[in-house]
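Enquirer:
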């Protein structure tokens, strides 16, 4: 007897409509003890132009992908950036932040304390990365200038055999 199809689902015990309703007030759905601190992180994200929604679940989801599915469902219903946390797992979604930045920030998060995890996540999605575009443009411009200078010198005869 084989294993049947595994269906993506939100962690058991969560009512998506209830979570969305809770997020509509202040973009935070979490245990009461963490709400005020998480509201501060959401406000800090808003100052950076990020519509962050934080869902902190006080138990472990049954499926490893449950939190990502939950974040995707919330993001599909209400756009922005979603961080779903449990004591041992993290799930994210964003239609504003690119997937690479989102994954990098998610990997920096240490689950357990939702406030510390949310702060780390926000730092990860707002920090400036290495300026690869600038470095690439400078190298490309240097190459073009070098080729033009070499061409100019060869036309003037600097490299001709004597």
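Residue numbers (the working numbering): 6 to 167.
Glycine included, each C-beta is placed from N, C-alpha and C at the ideal position.
1. How is residue 147 classed by DSSP in three states: helix, strand or coil?
2. Curious, which full-length beta strand (DSSP E) runs of at least 3 residues does the region 10 to 84 contain?
3. Whole angstroms are fine: how far does the CA of residue 99 sit from the CA of residue 62?
4. In whole angstroms, what is the alpha-carbon distance linking residue 34 and residue 76?
5. With a threshold of 6 Å on Cβ separation, who are the neighbours of residue 101 within its own chain once the five nearest residues in sequence on each side are excluded?
6. Roughly how far, in whole angstroms, is the beta-carbon of residue 110 from the beta-carbon of residue 130, given that I think they are within contact range, below 8 Å?
7. Among 59, 20, 136 and 82, which has the Cα closest to the Cα of residue 121?
8. Looking at the unbroken beta strand (DSSP E) that takes in residue 99, where does it start and where does it end?
Expert: Reading from the atomic positions:
1. As a position in the chain shown, residue 147 is number 142, starting the count at 1. Residue 147: helix per DSSP, three-state reduction.
2. 57 to 61
3. Taking the chain shown and counting its residues from 1, one reaches residue 62 at position 57. Taking the chain shown and counting its residues from 1, one reaches residue 99 at position 94. Answer to the nearest angstrom: the Cα atoms are 19 Å apart.
4. Along the chain shown, read from residue 1 onward, the residue named residue 34 stands at position 29. Along the chain shown, read from residue 1 onward, the residue named residue 76 stands at position 71. One C-alpha to the other measures close to 12 Å.
5. Against the chain shown, residue 101 aligns to sequence position 96. 86.
6. Your numbering for residue 110 matches position 105 in the chain shown. Your numbering for residue 130 matches position 125 in the chain shown. With 8 Å as the limit, residue 110 and residue 130 qualify as a contact, their Cβ atoms being about 5 Å apart.
7. Along the chain shown, one-based indexing puts residue 121 at 116. Distances from the CA of residue 121 to each of 59, 20, 136 and 82 were compared; the closest alpha carbon is that of 59.
8. Position 94 of the chain shown, counting from 1, holds the residue named residue 99. Element bounds for residue 99: 95 to 99.
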